[in-house]
Amino acid sequence: MKKEHVVFLSVMFLAVVLCCINHFDYSADVSSNNTTLDVSALKCDPVERWVYDIRTEDYFKGYNETTVEWLSGLKGMKVFSSDDYYVVMSEDDAGKLPVGDAADVIINDIFTCEIMENRSLGDSYNDVLYVRNVEFVNQSFYYFDV
0 MKKEHVVFLS
10 VMFLAVVLCC
20 INHFDYSADV
30 SSNNTTLDVS
40 ALKCDPVERW
50 VYDIRTEDYF
60 KGYNETTVEW
70 LSGLKGMKVF
80 SSDDYYVVMS
90 EDDAGKLPVG
100 DAADVIINDI
110 FTCEIMENRS
120 LGDSYNDVLY
130 VRNVEFVNQS
140 FYYFDV
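With the first letter of the sequence shown counted as 1, position 72 gets the number 71 in numbering that gives the first Met the number 0; the numbers rise by one all the way through.
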């Protein structure tokens with residue numbers, strides 16, 4: 000009887016350990032915040048240049064000053080754009096995305112990343128996403144007649 004009791008307790012202990020491991024693994028996946036984004040592959044700009052454009056171009060009139068000040072502190076970062084948002088990332092992460100231009104096609108880079116911050120540039124403008132851990136997935140192409 001004692002041997003059966005030890006075996007039963009060992010099996011129960013193993014089951015509890017496996018449940019704990021499974022729970023922690025699941026929690027790590029849920030909190031990873033990985034998402035898929037797409038941006039124009041036409042170009043990326045240094046954040047300093049983009050901040051200058053925001054402050055001087057009429058297109059950006061009414062921008063959120065707090066967000067622009069925050070962007071000013073992200074020296075050395077790169078900015079990509081899409082129809083729905085702007086994406087700021089490190090130069091190393093930006094180097095993972097192919098950038099190029101063609102006359103008769105619109106090219107977008109699709110990638111996964113972790114969104115660190117989401118800031119508003121203002122009511123009339125797209126949000127600014129600050130990301131890291133960029134992994135290139137592929138490119139999408141939209142062809143049109145010239």
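Beta carbons: idealized from backbone N, C-alpha and C, even for Gly.
Cβ-Cβ distances below 8 Å link Y84 to L36, N125, D126, V127, L128 in the same chain, with the five nearest sequence neighbours on each side left out; the list follows chain order. Residue range 46-55 is occupied by the alpha helix (DSSP H) that includes V46. In the structure shown, Y142 falls within a strand segment according to DSSP collapsed to helix, strand and coil.
With contact defined as three or more Cβ pairs closer than 8 Å, the stretch 105-125 and the stretch 58-70 are in contact.
Note on D108: 16 or more other CB atoms within 10 angstroms of its CB, so buried under the neighbour-count rule.
When the beta-carbon positions are compared, I106 and Q138 come within less than 9 Å of each other. Within 10 angstroms of the beta-carbon of K77 lie 16 or more other beta-carbons, which makes it buried. Put simply, the backbone Cα of N117 is about 33 Å away from that of A102.
Bounds of the alpha helix (DSSP H) holding D92 are 90-93. Here V67 carries a helix assignment [DSSP, helix/strand/coil].
For the set S89, F140, E134, L73, the Cα lying nearest the Cα of V104 is the one of F140. According to DSSP, residue pairing for S80 in a beta bridge involves Y85.
Excluding residues up to 5 positions away in sequence, L41 lie with their Cβ nearer than 6 Å to the Cβ of D100 in the same chain.
DSSP lists Y84, S119 as the bridge partner or partners of D126.
Taking the Cβ atoms as the reference, V87 lies roughly 11 Å from V50, outside the contact range of under 8 Å.
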